[in-house]
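Report on the structure given below.
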Amino acid sequence: MNIAAFDIGGTSLKMGVIDDKGNILTSDSCDISHNDRDKILEHIIAWLKKNPSCSGIAVSTPGYIDPDSGYIAMGGTIRDFDQFHLSQWLTEKTSLPTTVENDAHCALLAERWLGKAKQLNDFLMLTIGTGLGGAAFCNGALIRGGRNRAGEFGCLLTSRPTDSNIEPHTMAQSCTMTALRENYSEAAGQSAEDISGKDVFDAFDQGNEQAQNVVNRFYQDLAACLYNLFSVFDPQTIFIGGGITERDPFIEELGRELKKYQIDIRIDTATYGNDSGMLGAVCHFLQSQQTDIA
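Just so you know, the working numbering puts 157 at position 152 of the sequence shown, and the rest follows in order with no gaps.
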């Protein structure tokens, strides 16, 4: 069985055809705008027309999502998907069975299905990109919560708000590539649109004082986040996904900050990088079809 898989991110759409063993048969990607739902859907339909032999559709996307119905209550970094029944829309357009799952949940499912977590019953997944996503696998099961909102680690507070505007005090405002770029651009007097996360780390490696301050604070805040999560969940491993994990010394640099907490915490990078969203979406699709994926 071949499934059309889509991973909708804050800046890009990844598309692939994946079989029921997790083999990626073909894949592609394109740039998207997070506030243009119609254009995103156009790209998805166009890809499906080019790959007509698929038996179903599996989607990974940010937000609060009902994994059974595919209804997106809140689209996370893609607010144009707020209160949108994506699964129903795609099924009506294609007549194909469709599932939709939270992107961090998909990254976790991919790790459990095919990656380093095959034998683990208690582990966490953090995805660091435009936003900060998370998922928890405890006692052999993915934790979803009463309203499918469990694992939103980016909503954790880093300081006490003084008014109703809590967003500036959340992990999402300190432990994402967006925050890294914005903090550095403010310190350097440049536009954040002209700076990539790689630019910040390149400046850090070159000894730029502003970049050093920003990156060190990033690692300090991320280490504090991991300490809190470790204290709550007691995971065997915390996996981290996202483009930042392509930086070779990432785990070593983060590990130095974690040593200050004097806890036995194991961190590792996610196995499948940018493909984890699509693979996890397919895993969720197969589970919904009660397909044996062991």
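Where is the CB? At the ideal position from N, CA and C, for every residue including glycine.
Range covered by the alpha helix (DSSP H) that runs through C230: E214 to F238
Contact set for A63: own chain, Cβ-Cβ below 6 angstroms, skip 5 residues either direction: I8, A10, T104, A286, V287 and F290
Presumed contact (8 angstroms Cβ cut-off) between S34 and K19, rounded CB distance: 5 angstroms
Own chain residues within Cβ distance below 8 angstroms of F238, not counting five before or after: D127, L129, A141 and C143
Whole-Å CB distance - C230 paired with C160, under 8 angstroms assumed: The Cβ separation is near 11 angstroms, so there is no contact.
Limits of the unbroken beta strand (DSSP E) element including T274: I272 to T274
contact_flag[the region 257-268, the region 74-88] where n(CB pairs < 8 angstroms) is 3 or more: no
Which residues DSSP lists as bridging S34, in chain order: K19
Cut-off 8 angstroms between Cβ atoms - residues of its own chain near I29, not counting five sequence neighbours on either side: G21, V22, I23, D280, M283 and L284
Nearest-angstrom beta carbon gap, S100 and G75 [assumed within contact, 8 angstroms]: Going by Cβ atoms, the distance from G75 to S100 rounds to 15 angstroms, so no, they are not a contact pair.
Touching by the beta-carbon criterion (3+ pairs, under 8 angstroms), the region 171-190 and the region 217-231: yes
In DSSP terms, what A9 is bridged to: A9 is bridged by DSSP to V22 and I62.
G61 to D12 span [Cα, whole Å]: Whole-angstrom Cα-Cα distance: 15 angstroms.
Bridge partners - G138, DSSP secondary structure assignment: T132
Proximity of L131 and G120 at Cβ, strictly below 8 angstroms: no
Host beta strand (DSSP E) of F244 (start-end): T242 to G246
Beta-carbon proximity list for A109, same chain, < 7 angstroms, skipping 5 on both sides: M130, T132, G138, G139, A140 and G156
Beta-ladder partner(s) of E106, from DSSP: S65
Beta-carbon proximity of F244 to D273, cut-off 8 angstroms: yes
Segment limits, alpha helix (DSSP H) that includes I50: R42 to K55
Three-state secondary structure (DSSP) of H289: helix
Per-residue DSSP class, three states only, for I70: Reduced to three states, the DSSP call for I70 is strand.
Nonlocal neighbours in the same chain, by C-beta distance under 6 angstroms from N107, ignoring five residues either side: I70
D29 in three-state terms, based on DSSP: It is worth fixing the name first, because residue 29 is Ile in this sequence and not Asp. If DSSP states are grouped into helix, strand and coil, I29 belongs with the strands.
N-terminal and C-terminal residue of the beta strand (DSSP E) that A78 is part of: Y76 to M79
Residues bridged to L162 [DSSP beta-bridge criterion]: Looking at the DSSP assignment, L162 forms a beta bridge with T175.
Beta-carbon proximity check, G246 vs W118, cutoff 8 angstroms: no
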